[in-house]
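Structure first, then comments.
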Amino acid sequence: MTVDADDALLTTLATLERELHDPAGRRDVDRLRALLHPSFQEIGRSGYRIDLADVLRDLPTEGGNGTIVADGFQLHRPIDGMAILLYRSAHRSPSGVDSRHTLRSSTWIREGDAWRMVYHQGTPTERFDIV
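Just so we're aligned, residue 90 is where the sequence shown starts under the numbering used here, counting upward by one.
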């Protein structure tokens with residue numbers, strides 16, 4: 090891939106990640122099915138392992154206040170049709186306080202013209218400032 094194509098893919102995948110952070114995207118089961126591969130697996134920040142069925146059951150009814158903020162997106166392309174996105178995130182309360190700082194990694198695969206997440210991991214980390 091060219092630098093321009095990598096930049097475009099980085100923008101695309103970062104946008105899809107942020108869509109999964111957005112409360113509206115998290116409640117939309119059809120959109121979750123489109124973005125997450127049927128064999129999706131996650132090891133969350135908590136250390137628990139979840140699969141697509143868990144996500145489809147839990148995310149649409151997830152409560153909570155605040156938002157997920159993310160930055161520092163980096164793209165790695167180990168093979169054609171696969172991309173690994175690394176970034177960091179935090180939970181931002183309605184009062185603007187950041188907590189639950191996390192390093193994240195998502196593996197995406199291309200199916201036709203669409204990218205679908207097949208794996209995600211969150212690892213707790215020290216506090217940092219979101220840019």
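Using N, Cα and C, we set each Cβ at its ideal position, and we do this for glycine too.
How is the alpha helix (DSSP H) around residue i delimited, first residue to last?
i: L141; result: 141-147
i: R122; result: 118-124
For residue i, is the classification buried or exposed, using 16 other Cβ atoms within 10 angstroms of its Cβ as the cut-off for buried?
i: L125; result: buried
i: E215; result: exposed
i: H144; result: In the sequence as presented, His is not what sits at residue 144; that position holds Val. Its Cβ being crowded by 16 or more others within 10 Å, V144 is buried.
i: R146; result: exposed
i: T191; result: buried
Under the DSSP definition of a beta bridge, which residues are partnered with residue i?
i: V158; result: A179
i: I132; result: R138, Q210
i: I168; result: DSSP, once it has assigned bridges, lists no residue as partnering I168.
i: D187; result: R181
Considering only the alpha carbon of each residue, which of the options lies closest to residue i?
i: R138; options: D218, T212, R216, I219; result: T212
i: D218; options: I198, D140, T196, R189; result: R189
i: R115; options: W204, F129, W197, E151; result: E151
i: L105; options: L192, A179, A159; result: A159
i: D119; options: W204, W197, P149, N154; result: P149
i: H110; options: N154, A203, G201; result: N154
> Per the contact definition of three or more C-beta pairs closer than 8 angstroms, is the region 171-182 in contact with the region 197-212?
Replying inline: These segments touch.
> Between the region 159-170 and the region 113-132, do at least 3 Cβ pairs fall closer than 8 angstroms?
Replying inline: No, the region 159-170 is not in contact with the region 113-132.
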